[in-house]
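Numbering (my numbering), first residue to last: 3 to 158.
First up is the structure itself, then whatever we jot down about it.
If you want it as C-alpha cells, here you go:
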C-alpha cells in the first residue's frame with residue numbers, strides 16, 4: 003500500500019484522535035491562541051466528525067473546544083485510533099511508548115516532526131507510523147479535494 007493510500011485509509015477508518023501538545027486556551031492570550039496550529043487542527047478535525055481528546059500535562063483539567071484536557075495518554079478512557087503529536091521530534095519516543103501502551107492504531111507526527119526511535123517503537127508493535135504530515139492538510143487533500151493550506155495563510 004502506498005503512503006497516500008495508507009493515509010486515506012487511516013483517515014477514512016479512524017474516529018478518535020488523541021492530540022498530544024494541544025495548547026490550552028488561556029484568558030490572557032486568548033486572541034493569539036486561536037491561531038496556534040494545534041488548536042486550528044483540533045477544531046477542524048472535530049468539525050469533520052472526529053472525536054479529538056487533547057493531551058497536555060500543563061493544561062490538564064481545562065476545556066478546549068468542549069473536551070477536557072488530559073495529562074497523559076494513559077488517562078484516556080476510550081479506545082484511540084490515532085495519536086497525533088504536536089511536540090518536538092526529540093520528545094516523541096516516550097509518547098510512542100505511551101501510544102503502544104494504550105493500543106493506538108496509528109502514531110502520527112505533525113508537519114516537521116520525525117523520529118527514527120519513535121518509528122521503531124511503534125512499528126515493533128504493528129502501529130502505523132506517519133511522520134512530517136499535517137493531519138488537517140491530508141484530510142483536505144483526500145476528502146475535500148482542496149489545496150491543503152491553513153485558511154489563515156491564504157492571501158485573498
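Note that CB positions come from ideal geometry on N, CA and C, so glycine has one too.
None of these values were measured; they are calculated from a predicted model.
Go ahead and pull the three-state DSSP assignment for residue i.
| i | result |
| --- | --- |
| residue 83 | coil |
| residue 141 | helix |
| residue 24 | coil |
| residue 65 | strand |
| residue 131 | strand |
| residue 90 | coil |
| residue 96 | helix |
| residue 78 | coil |
| residue 10 | helix |
| residue 104 | helix |
For the beta strand (DSSP E) containing residue i, list its first residue and its last residue.
| i | result |
| --- | --- |
| residue 108 | 108-111 |
| residue 71 | Premise fails: residue 71 is in no beta strand (DSSP E) and is neither H nor E. |
Could you tell me if residue i is buried or exposed, where buried requires 16 or more neighbouring beta carbons within 10 angstroms of its beta carbon?
| i | result |
| --- | --- |
| residue 79 | exposed |
| residue 117 | buried |
| residue 146 | exposed |
| residue 41 | buried |
| residue 60 | exposed |
Which same chain residues end up closer than 7 angstroms to residue i when comparing Cβ atoms and leaving out the 5 residues on each side of it in sequence?
| i | result |
| --- | --- |
| residue 102 | 123, 124, 127, 129 |
| residue 30 | Because residue 30 sits at a pLDDT of 47, beneath the cut-off of 50, its placement in the model cannot be relied upon, and the following sentence gives the value as read from the coordinates. Excluding residues within five positions, none has a Cβ falling inside 7 angstroms. |
| residue 69 | 54, 55, 56 |
Please report the residue range of the alpha helix (DSSP H) in which residue i lies.
| i | result |
| --- | --- |
| residue 39 | 39-49 |
| residue 123 | 118-126 |
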